[in-house]
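Inspection log for the structure reproduced underneath, given as structure tokens.
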Amino acid sequence: MFDRVRRRRAARRVRPGDGRALQPFRWWQLLGRALFHLPPSGAHEPEWSVDIRHWQDQASGSVTADLYRDGLCEARSALPAAFPVGDGRIEVAMSGFGVERCHLVSADGSERQLSPDPRSAEGRRARFDRRHPAASSVIGVVSIALVLSGVLSLAVYLVETVSRIPPIAESVGVIAAPIDLPTWSTVASTVGAAVGSTERALRLHYHWLDAAGN
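Residue numbers for the sequence shown follow the numbering used here, so the first one is 1 and each next one is one higher.
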């Protein structure tokens, strides 16, 4: 039921596009733009593209996505979005670190991730994964470790802070961290968690721990 309500709200946010042409991805847009494509599934099927200018839009307090059909702007929506496409829909969502979701959801519930533009940051990360799978796996493991380190650091801080509340301190005492970490270590853990979450976002791998660790 919650999913249906969420989809209806997302569908109401969709507005008609202005028919402008899709601009090619430029290298200087690596940090502020994401571009995904859904190639035609048949001879007479259109090519769909989703263009997200996340850094440009965040300045105005809202991130939007544009849907293109055969290179022309078909629709626009604030995120999270659910663009109707044929018998299904393209769902788009952002996290604080990048694109969280850009999938075609068919009428039967099956999902297919759109392909990132080869020139985008997501596309370059996908190409690295194909060319260097072993190194890519190591980077993936390191990014998870960085996120978990940030989560652990935050958890220890919260436990100690809560335990200092007078009623709790009188009842169970102050729960101090087992190791008194220097400030630089805490900062490094926070930065590392952000880097790990950003790397995971390039692969559209998102978990609530990514938000918790930052």
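For every residue, glycine included, the Cβ atom is placed at its ideal position computed from N, Cα and C.
Quick check: what's the CA-CA separation for residue i versus residue j?
{"i": "residue 84", "j": "residue 185", "result": "47 angstroms"}
{"i": "residue 166", "j": "residue 116", "result": "52 angstroms"}
{"i": "residue 94", "j": "residue 80", "result": "7 angstroms"}
{"i": "residue 54", "j": "residue 174", "result": "43 angstroms"}
{"i": "residue 17", "j": "residue 36", "result": "17 angstroms"}
{"i": "residue 6", "j": "residue 189", "result": "34 angstroms"}
{"i": "residue 92", "j": "residue 12", "result": "14 angstroms"}
{"i": "residue 194", "j": "residue 51", "result": "24 angstroms"}
{"i": "residue 141", "j": "residue 191", "result": "17 angstroms"}
{"i": "residue 176", "j": "residue 154", "result": "13 angstroms"}
{"i": "residue 164", "j": "residue 151", "result": "20 angstroms"}
{"i": "residue 103", "j": "residue 24", "result": "21 angstroms"}
{"i": "residue 8", "j": "residue 109", "result": "16 angstroms"}
{"i": "residue 138", "j": "residue 124", "result": "17 angstroms"}
Tell me where the beta strand (DSSP E) around residue i begins and ends.
{"i": "residue 93", "result": "88 to 95"}
{"i": "residue 105", "result": "98 to 105"}
{"i": "residue 33", "result": "Taken as a continuous stretch (DSSP letters only), residue 33 belongs to no beta strand (DSSP E), as it is neither H nor E."}
{"i": "residue 23", "result": "Note, residue 23: premise wrong, no beta strand (DSSP E); not H, not E."}
{"i": "residue 112", "result": "111 to 113"}
Can you tell me where the alpha helix (DSSP H) with residue i in it begins and where it stops?
{"i": "residue 159", "result": "133 to 163"}
{"i": "residue 169", "result": "166 to 172"}
Would residue i and residue j be called neighbours here (beta carbons separated by less than 8 angstroms)?
{"i": "residue 99", "j": "residue 169", "result": "no"}
{"i": "residue 73", "j": "residue 19", "result": "yes"}
{"i": "residue 131", "j": "residue 204", "result": "no"}
{"i": "residue 143", "j": "residue 196", "result": "yes"}
{"i": "residue 69", "j": "residue 39", "result": "no"}
{"i": "residue 65", "j": "residue 15", "result": "no"}
How many whole angstroms separate the CB atoms of residue i and residue j, which I take to be in contact at a CB cut-off of 8 angstroms?
{"i": "residue 48", "j": "residue 30", "result": "Actually they are not in contact, since the Cβ atoms of residue 48 and residue 30 sit about 22 angstroms apart, beyond 8 angstroms."}
{"i": "residue 136", "j": "residue 34", "result": "The pair is not a contact, with the Cβ atoms about 19 angstroms apart (cut-off 8 angstroms)."}
{"i": "residue 215", "j": "residue 118", "result": "Nothing about residue 215 can be reported from this structure: the residues present for the chain run from 1 to 214 only."}
{"i": "residue 106", "j": "residue 87", "result": "7 angstroms"}
{"i": "residue 89", "j": "residue 82", "result": "5 angstroms"}
{"i": "residue 97", "j": "residue 198", "result": "5 angstroms"}
Original post:
In the segment 39 to 89, which residue ranges form an unbroken alpha helix (DSSP H) of at least 4 residues, counting only runs that do not cross its ends?
Top reply: 54 to 58
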